[in-house]
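A short write-up of the structure that comes next.
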Amino acid sequence: TGAVASAAGTVLLGRYELGGLLGRGASAKVYLARDLRTGRSVAIKSFPNPRAASDRPVAIEREAGILRRLRHRHVVRLHEILATRTKVHFVLDLAAGGELLSLVDASGRMTEDLARHYFRQLVCAVRYCHARGVCHRDIKPENLLLDGAGALKVADFGLGAVAGAGGDLLRHTTCGTPAYVAPEILSRKGYEYDPAKVDIWSCGVVLFVLAAGYLPFNDASLVNMYRKIYAGRFRCPAWFSPALRDLLRRVLHPDPSARADADSIVAHPWFRHGASDEEMGRLMH
Ligand code: ADP
Ligand code: MG
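Quick note: to get UniProt numbering, add 4 to the position in the sequence shown (first position is 1).
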């Protein structure tokens, strides 16, 4: 497998000593590891058997290519790739704080101010990616992590797309929950869609979830859930401020051409509320 057991009984991968499992997704397992040269902790995303399915090497190569283009405070950074005969491993910044959703309170939500704090970081990361021609296309809580200092890190560009690289249909129509997926994806009629607007929609769902503690579009019946998403029909809880409601109506707009983009979110009063010019400047860098 390329990993070797050392005399001490620990598992080594090159100069990295593997530790416990941090998480797993549909495509990979992610392990804690220690860089024996620097002593630093990292995360290693291991793709099992990349040659098992014919599309895997292409997908992994695409994810790597996207990560290499991105250097942002709120995007998980790729340090290097370790390829062995049968496996590929990404050495990533460790997001030691775990998943963003771990910060919600007993009722499953956070204050509007705290939701704004993380939403700002998310939108700034997404805005940066879009400016670099990259769309994430899988923004949802499992892919939003925190580093050791509590800063948000966008992870998992496994479904990412580079603008102009040719359209490929999304896998998430068939796997997982559609709760974060934009209506133009679900309707399947549009092979032509703007992936940047798809990211914006997902950011809106994340914001709603953080501040409400439940999904904006949900139903025991999947058909009804789809109907609500197509119609962009959601109700804000009583405690949402008028400015937050206004922003959500613009972001969770079912018509992608009428939906806000990252720049118009950044210009919205709710987004800027309470931030100094200096703070805004730092986020926008
Ligand atoms: P997949 O492409 O299979 O969904 P992800 O990249 O989303 O894989 O990683 C799966 C899970 O592993 C994440 O949901 C998260 O819990 C954890 N994880 C991923 N990257 C890191 C990281 N850099 N630091 C800490 N945990 C991580
Ligand atoms: Mg994932």
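Here a beta-carbon is modelled for each residue, glycine too, at the ideal position from N, C-alpha and C.
Return the Cβ separation of residue i and residue j in integer angstroms, given the expectation that the two are a contact with Cβ distance under 8 Å.
i: valine 15; j: leucine 25; result: Going by Cβ atoms, the distance from valine 15 to leucine 25 rounds to 12 Å, so no, they are not a contact pair.
i: alanine 266; j: isoleucine 204; result: 7 Å
i: valine 130; j: leucine 96; result: Incorrect: roughly 19 Å between the Cβ atoms, too far for contact.
i: alanine 215; j: leucine 248; result: 7 Å
i: leucine 252; j: cysteine 240; result: 7 Å
i: alanine 68; j: phenylalanine 51; result: At roughly 10 Å, the Cβ-Cβ gap does not stay under 8 Å, so alanine 68 and phenylalanine 51 are not in contact.
i: proline 260; j: tyrosine 197; result: 7 Å
i: alanine 32; j: lysine 49; result: 5 Å
i: serine 111; j: glycine 18; result: Not really, about 45 Å apart at Cβ, beyond 8 Å.
i: cysteine 139; j: valine 202; result: 7 Å
i: alanine 165; j: proline 199; result: 5 Å
i: alanine 264; j: arginine 254; result: 4 Å
Between which two residues does the beta strand (DSSP E) harbouring residue i extend?
i: valine 92; result: 92–97
i: glycine 51; result: Note that residue 51 is phenylalanine in the sequence shown here, rather than glycine. Unbroken beta strand (DSSP E) run through phenylalanine 51: 45–51.
i: glutamate 84; result: 82–87
i: leucine 26; result: 20–28
i: valine 15; result: 15–17
i: alanine 37; result: 33–39
i: leucine 148; result: 148–150
i: leucine 219; result: No beta strand (DSSP E) holds leucine 219; DSSP gives it neither H nor E.
i: lysine 157; result: 156–158
Ends of the alpha helix (DSSP H) at residue i?
i: leucine 214; result: 199–216
i: leucine 126; result: 116–135
i: alanine 235; result: 226–235
i: leucine 163; result: First-last for leucine 163: undefined, no H or E at that position.
i: valine 270; result: 266–270
i: leucine 248; result: 246–255
i: leucine 287; result: 281–288
i: leucine 190; result: 187–190
i: proline 273; result: 273–276
Query - Three-pair Cβ contact test at 8 Å for the segment 134–154 versus the segment 110–118 - result: Output reads no: the segment 110–118 does not touch the segment 134–154.
Query raised in the report: If we count Cβ pairs, one from each stretch, closer than 8 Å, do we get three or more for the segment 225–241 versus the segment 154–169?
Result: Output reads no: the segment 154–169 does not touch the segment 225–241.
Query raised in the report: Counting pairs of beta carbons, one from the segment 120–131 and one from the segment 208–215, are three or more of them closer than 8 Å?
Result: Taking a cut-off of 8 Å for Cβ pairs, the segment 120–131 and the segment 208–215 touch, as three or more such pairs fall below it.
Query raised in the report: Closer than 5 Å from C-beta to any heavy atom of the ligand MG: which residues, in chain order?
Result: The answer, residue by residue, is Gly29, Asn147 and Asp160.
Query raised in the report: Are at least three pairs of beta-carbons, each pair with one atom in the segment 84–93 and one in the segment 154–165, less than 8 Å apart?
Result: No, because fewer than three Cβ pairs between the segment 84–93 and the segment 154–165 fall closer than 8 Å, the two stretches do not touch.
Requested in this report: Evaluate contact between the segment 267–284 and the segment 141–156, counting only Cβ atoms and requiring at least three cross-stretch pairs below 8 Å.
Outcome: With fewer than three CB-CB distances shorter than 8 Å, the segment 267–284 does not count as touching the segment 141–156.
Report task. Examine the Cβ distances between the segment 99–111 and the segment 148–158 and report whether three or more of them are shorter than 8 Å. Result -> As far as the Cβ criterion goes, the segment 99–111 touches the segment 148–158, which means the pair count is three or higher.
**Report entry** Validate contact between the segment 34–46 and the segment 66–81 using beta carbons, cut 8 Å, 3 pairs
**Finding:** Segments in contact, no.
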